Amino acid sequence: MTAVDGDQATSESYDARALQEKWQARWAKENPFAASEDPADGRPRRYVVDMFAYPSGDLHMGHAEVYAIGDVIARYRFQQGENVLHPIGWDSFGLPAENAAIRNDSHPAAWTYANIETQAESFRRYGISVDWSRRLHTSDPEYYRWNQWLFLRFFERGLAYRKDGLVNWCPKDQTVLANEQVVQGRCERCHTEVVRRTLNQWYFRITDYAERLLDDMAQIDGGRWPDEILTMQRNWIGRSQGADVRFAIEGRDEPVTVFTTRPDTLYGATFFVVAADAALADELCAPEQRAEFEAYRSEVAKLSDIERQSTERPKTGVFLGRHAINPVNGERIPVWAADYVLAEYGHGAIMAVPAHDQRDLDFARAFGLPVRVVVETGEADPAQSGVATAGEGVLVNSGPLDGLAKGDAIPRIIEILAGRGTGEGTVNYRLRDWLLSRQRFWGTPIPIIHCPECGEVAVPDDQLPVRLPDDMKGADLAPKGVSPLAAATDWVNVDCPRCGGPATRDTDTMDTFVDSSWYFLRYCSPHLDSAPFDTDKVAKWGPVDQYIGGKEHATLHLLYSRFVTKVLYDMGMVGFTEPFARLLNQGQVINGGRAMSKSLGNGVDLGAEIDGYGVDAVRLTMIFAGPPEDDIDWADVSPAASLKFLNRAYRVMAQAGAASAPGTDPAGGDPDLRKATHRTLDRVTAAVEAHRFNVAVARVMELVTAARRTIDSGPGAGDPAVREAAEAIAITLSLVAPYLAEEGWELLGHTGSVAVGNWRSADPALLVTESVTCVVQVASKVRDKLDVAPDISEEELERLALASEKVQGFIGGKQIRRVVVRAPKLVNIVVG
Numbered sequence: 015m016t017a018v019d020g021d022q023a024t025s026e027s028y029d030a031r032a033l034q035e036k037w038q039a040r041w042a043k044e045n046p047f048a049a050s051e052d053p054a055d056g057r058p059r060r061y062v063v064d065m066f067a068y069p070s071g072d073l074h075m076g077h078a079e080v081y082a083i084g085d086v087i088a089r090y091r092f093q094q095g096e097n098v099l100h101p102i103g104w105d106s107f108g109l110p111a112e113n114a115a116i117r118n119d120s121h122p123a124a125w126t127y128a129n130i131e132t133q134a135e136s137f138r139r140y141g142i143s144v145d146w147s148r149r150l151h152t153s154d155p156e157y158y159r160w161n162q163w164l165f166l167r168f169f170e171r172g173l174a175y176r177k178d179g180l181v182n183w184c185p186k187d188q189t190v191l192a193n194e195q196v197v198q199g200r201c202e203r204c205h206t207e208v209v210r211r212t213l214n215q216w217y218f219r220i221t222d223y224a225e226r227l228l229d230d231m232a233q234i235d236g237g238r239w240p241d242e243i244l245t246m247q248r249n250w251i252g253r254s255q256g257a258d259v260r261f262a263i264e265g266r267d268e269p270v271t272v273f274t275t276r277p278d279t280l281y282g283a284t285f286f287v288v289a290a291d292a293a294l295a296d297e298l299c300a301p302e303q304r305a306e307f308e309a310y311r312s313e314v315a316k317l318s319d320i321e322r323q324s325t326e327r328p329k330t331g332v333f334l335g336r337h338a339i340n341p342v343n344g345e346r347i348p349v350w351a352a353d354y355v356l357a358e359y360g361h362g363a364i365m366a367v368p369a370h371d372q373r374d375l376d377f378a379r380a381f382g383l384p385v386r387v388v389v390e391t392g393e394a395d396p397a398q399s400g401v402a403t404a405g406e407g408v409l410v411n412s413g414p415l416d417g418l419a420k421g422d423a424i425p426r427i428i429e430i431l432a433g434r435g436t437g438e439g440t441v442n443y444r445l446r447d448w449l450l451s452r453q454r455f456w457g458t459p460i461p462i463i464h465c466p467e468c469g470e471v472a473v474p475d476d477q478l479p480v481r482l483p484d485d486m487k488g489a490d491l492a493p494k495g496v497s498p499l500a501a502a503t504d505w506v507n508v509d510c511p512r513c514g515g516p517a518t519r520d521t522d523t524m525d526t527f528v529d530s531s532w533y534f535l536r537y538c539s540p541h542l543d544s545a546p547f548d549t550d551k552v553a554k555w556g557p558v559d560q561y562i563g564g565k566e567h568a569t570l571h572l573l574y575s576r577f578v579t580k581v582l583y584d585m586g587m588v589g590f591t592e593p594f595a596r597l598l599n600q601g602q603v604i605n606g607g608r609a610m611s612k613s614l615g616n617g618v619d620l621g622a623e624i625d626g627y628g629v630d631a632v633r634l635t636m637i638f639a640g641p642p643e644d645d646i647d648w649a650d651v652s653p654a655a656s657l658k659f660l661n662r663a664y665r666v667m668a669q670a671g672a673a674s675a676p677g678t679d680p681a682g683g684d685p686d687l688r689k690a691t692h693r694t695l696d697r698v699t700a701a702v703e704a705h706r707f708n709v710a711v712a713r714v715m716e717l718v719t720a721a722r723r724t725i726d727s728g729p730g731a732g733d734p735a736v737r738e739a740a741e742a743i744a745i746t747l748s749l750v751a752p753y754l755a756e757e758g759w760e761l762l763g764h765t766g767s768v769a770v771g772n773w774r775s776a777d778p779a780l781l782v783t784e785s786v787t788c789v790v791q792v793a794s795k796v797r798d799k800l801d802v803a804p805d806i807s808e809e810e811l812e813r814l815a816l817a818s819e820k821v822q823g824f825i826g827g828k829q830i831r832r833v834v835v836r837a838p839k840l841v842n843i844v845v846g
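15 is the number of the first residue of the sequence shown in the numbering used here; add one for each residue after it.
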């Protein structure tokens, strides 16, 4: 495929495919993007990481966008002469590989590693500036050994534990899902409606770090991370300040604790609600209510959390046949089980204050329960209006709180509760512990042995990794409601490391987000076999200076990585508490206003685009389409136009290279082109630093046009300013069109790669504008143009404009009503 200008095919048009083959071979031989570990290397270090790919097939348009963006950042730092670590790896465990193995009657490794090799070849073709010596795959035993090692360290610290609990269950994939993996009540991967089940599962105690996860956002705020991501994380952690209040339950020895953000409304609590699927509801249910409760709970199990919390659904529930005692007034209030309370929130039970909470009010009205106003807001009585009054007001019907505002009533009631031993002020979080057990095969085996005598026993470190069996494939892996590993009896049955008696391995595997929560640390020493990572090297490179990836990971990978980093900090393994100093999110690549999908038939094949236009044109199109965070509609962009521009840039570099030699002093060259070149260098630098890469491309396009003008109508290609411009074009284009830039640099007579250490700084003297053009309008119509000094005063500019003969001719004898001056570029004279 030859790239043709569109206006004309010339011998100076470049062959994109030939350049790709040539420079891929050269890069593979010279390895220009390898990070140096030489202690004598005094260059500034820079660590740039792209969220790594999942090997589900060849690279697609989404990959093309995110890796083009990440590569601009990395290449800019290479150009700045920095020692850049820009690694590559694959997040290679997970369900797609396992499902493919079931379909193909094979082991998941066969599909996984074949796809990795396909993607690796495509990454090389795409010209990404990565250090291939750092390559890793999370499904390698050499990697997941350290998942297991880290799990055991968490286990020792009480941060990894097992418990019975309600979990999100995907009936299709036959595995549990973390709350973050349920989207609008459905599995995020297969979109099957999720149901609730009680299972014994492994968790990481991320809730112990909730406050630090919030507080440490100060390190990544202020433009370092997108505000949207920080807001999503704050909302997900969901810090609420209030009180734990203990309610005695008739017939139960221990009180039941509820969390409330409005303890001042306790006198308005007229009933008590327990989540229908909580163990507490089952415990409190009176014998005579058992049948009705069991039937109701079965119906609730069919609902997603989102459905249960919808304000549109009618309220449902069942009386449990018991009463609670309100701790502030001794009132007996009925205990109900309902679906609008979730077992995971607070303690799985609430005090219901229907006058001041709409969901409680809807429930009270549905079942004829009392409604008592305890905050006077001046609004209509909720019992009559059906609208809860949740605003500010003065406490009434509340004993010692009467007459107090909320701000004074809350600390007073907490003081009363604490004095009686029935409550205390506390903080609650929406965040739940990280559920990491998965009932599937293709993941990291959990390194725990279950012994009838010793209980949960850690696999000794010298027995790691606990490897996955090699002889399971196809139907052996089909979902059965328990992990397929349970059927591998030779693998499951082992001796207890502690007592030597018969025991069994844990058959669950880890959530793949465990793999990706620390991989950026492994990149610093990917082949180390004595520890998960070299702490000294992590200290030199970390934390990651720039991280690039999708915002869909805001409450999954990014939150988990922050948590794991904090644990490792507490273990003394890293010296920082935030893993990613800066985060850049990219938008989506869509087509015709809609997400690409096979079902819509609007997919765009990346390989076909590259075959048709070349890597450089596709990359340039991705970058020029808009700011990184915006979506790119492929129907609205033109790789053909990008190819046309690249040919123009190629001819400028080829002609300049043929007409002059490297080292030519540009001082005597065309002054206008020299100024254009240095303005471009200045503006491109500023745009790249601000992550406005599309603006940087636009400035390079302007420089190509200016150089072309000088060649065609000025002194010609031999003008020293043309060479200076051509070299600036090669250097700046290397960020987005690496093949063309390397070839252009060679045509200009240079040896070595253009991509490393060649960035030019603008000459401040050439950035000074000696004059600017001022437009003079009369009645909003242009009547004259003046060349003026850029720092001209408004008074002087007005005087010059009014003195213009052309302007005076249009004013005539009319009265000047007003003169608007915007120095130095505009004067508008209003006449009447």
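Where is the CB? At the ideal position from N, CA and C, for every residue including glycine.
Owing to the predicted nature of the structure, the values given are computational and were not obtained by experimental measurement.
Practice item. Identify, in the order they occur along the chain, each residue of the same chain with its Cβ nearer than 7 Å to the Cβ of ASN129, setting aside the five sequence neighbours on each side. Key: Correct list, in chain order: PRO69, SER70 and GLY71.
Review point. In terms of residues, what are the limits of the alpha helix (DSSP H) holding LYS420?
Key: Following the DSSP letters along the chain, one finds LYS420 inside the alpha helix (DSSP H) bounded by residues 420-434.
Point to revise | Where PHE659 sits in the DSSP three-state scheme | key: Note: PHE659 maps to helix in three-state DSSP.
**Study point:** Through-space distance from ARG203 to GLN195, alpha-carbon basis
**Key:** The alpha-carbon atoms of GLN195 and ARG203 are separated by roughly 8 Å.
Check your understanding: Who pairs with GLY586 in a beta bridge, going by DSSP?
Key -> None; GLY586 has no bridge partner.
Review point. Using the rule of at least 16 other Cβ atoms within 10 Å of the residue's Cβ for burial, across every protein chain shown, is ILE830 buried or exposed?
Key: Taking a 10 Å sphere around the C-beta of ILE830, we find fewer than 16 other C-beta atoms and assign the residue as exposed.
Point to revise | Rounded separation between CYS510 and ALA517 - CA only | key: C-alpha of CYS510 to C-alpha of ALA517: approximately 5 Å in a straight line.
Check your understanding: Cβ of THR724 within 7 Å of Cβ of LEU754?
Key -> The answer is no: Cβ separation not under 7 Å.
Review point. Which of helix, strand or coil does DSSP assign to LYS839?
Key: LYS839 falls in the coil class under three-state DSSP.
Practice item. Can you grab the Cα-Cα spacing for the pair PHE261 / THR330, in whole Å? Key: Looking at the two C-alpha atoms, the distance is approximately 23 Å.
Review point. Any chance the CB of THR458 is under 6 Å from a heavy atom of the ligand GDP?
Key: Judged by which ligands are present, the structure shown has none, so any question about the ligand GDP falls away.
Check your understanding: Where ILE251 and ALA54 are concerned, what is the direct C-alpha to C-alpha distance, given to the nearest angstrom?
Key -> Between ILE251 and ALA54, the C-alpha separation is close to 44 Å.
Practice item. Note the first and the last residue of the continuous alpha helix (DSSP H) segment covering THR12. Key: This structure cannot settle anything about residue 12, because the visible part of the chain is limited to 15 through 846.
Check your understanding: Span of the alpha helix (DSSP H) holding ALA397?
Key -> From DSSP, the alpha helix (DSSP H) with ALA397 extends over 396-399.
**Study point:** Cβ-based neighbour list, ASP696, same chain, cut-off 8 Å, excluding 5 preceding and 5 following
**Key:** The answer, listed in chain order, is ALA776 and LEU781.
Check your understanding: Terminal residues of the continuous alpha helix (DSSP H) containing SER136?
Key -> Looking at the DSSP string, the run of the alpha helix (DSSP H) that includes SER136 is 122-139.
Review point. Taking the alpha carbon of ALA88 as the point to measure from, which residue in LEU598, GLN247 and ALA672 has its own alpha carbon closest?
Key: Ranking LEU598, GLN247 and ALA672 by Cα distance to ALA88 puts LEU598 first.
Practice item. Tell me, please, which residues DSSP counts as bridged to ASN599. Key: Residue pairing by DSSP places ASN599 opposite GLY563 in a beta bridge.
Point to revise | The beta strand (DSSP E) enclosing THR440, as first and last residue numbers | key: 437-443 is the span of the beta strand (DSSP E), which, as asked, contains THR440.
Practice item. Indicate whether the contact test is met: 3 or more Cβ pairs, each with one atom in the region 485-503 and one in the region 444-455, closer than 8 Å. Key: Yes, the region 485-503 is in contact with the region 444-455.
Point to revise | One or two residues paired with SER254 in a DSSP bridge | key: Looking at the DSSP assignment, SER254 forms a beta bridge with ASN442.
Practice item. For ALA742, I'd like the list of residues in its chain whose CB is within less than 7 Å of its CB, leaving aside the five on either flank, ordered along the chain. Key: Taken in chain order, the residues that qualify are THR691, THR694, LEU695, LEU717 and ARG774.
Check your understanding: Ends of the beta strand (DSSP E) at VAL387?
Key -> Note, VAL387: premise wrong, no beta strand (DSSP E); not H, not E.
Review point. Contact check, LEU418 vs ASN340 under 8 Å by CB: the rounded distance?
Key: Contact between LEU418 and ASN340 is absent: CB atoms are separated by about 19 Å, not below the 8 Å threshold.
Check your understanding: Is PHE218 closer than 7 Å to THR526 when the C-beta atoms are compared?
Key -> Their beta carbons are not under 7 Å apart, which means THR526 does not touch PHE218 by this criterion.
Review point. So, using beta-carbon positions, are VAL603 and ILE646 closer together than 7 Å?
Key: Yes, Cβ-Cβ distance for VAL603 and ILE646 is below 7 Å.
Review point. Using 8 Å as the Cβ pair cut-off and three pairs as the minimum, do the region 303-312 and the region 364-383 touch?
Key: Put simply, the region 303-312 does not touch the region 364-383. Fewer than three CB pairs are less than 8 Å apart.
Practice item. Report buried or exposed for ASP484, applying the criterion of at least 16 other Cβ atoms within 10 angstroms of its Cβ. Key: ASP484 comes out exposed.
Practice item. My understanding is that ALA283 touches VAL367, with C-beta atoms under 8 Å, so please give their C-beta distance in whole angstroms. Key: With a Cβ gap of about 5 Å, ALA283 and VAL367 count as contacting.
Check your understanding: Which same chain residues, not among the five before or five after GLU264, have their C-beta less than 8 Å away from its C-beta?
Key -> Contacts found: ARG336, HIS337, ALA338, ILE339 and ARG346.
Check your understanding: How would you label SER312, buried or exposed, when you count the other beta carbons within 10 angstroms and need 16 or more for buried?
Key -> Of the other Cβ atoms in all chains shown, fewer than 16 fall within 10 Å of the Cβ of SER312; this residue is therefore exposed.
Exercise for review: With DSSP as the reference, label MET365 as helix, strand or coil.
Suggested key: The three-state reading of DSSP puts MET365 in strand, counting E and B together.
Check your understanding: Are the CB atoms of TRP216 and GLU756 nearer to each other than 7 Å?
Key -> Result no, Cβ atoms of TRP216 and GLU756 do not sit closer than 7 Å.
Check your understanding: From this set, HIS100, HIS74 and GLU96, which residue's C-alpha is nearest GLY84's C-alpha?
Key -> Taking each of HIS100, HIS74 and GLU96 in turn and checking the Cα distance to GLY84, the smallest one comes out for HIS100.
Check your understanding: What do you reckon, are the CB atoms on LEU761 and ALA668 nearer than 7 Å?
Key -> The answer is yes: Cβ separation under 7 Å.
Review point. In the region 149-212, which residue ranges form an unbroken alpha helix (DSSP H) of at least 4 residues, counting only runs that do not cross its ends?
Key: For the region 149-212, whole alpha helix (DSSP H) runs of length 4 or above, ordered along the chain, are 155-170.
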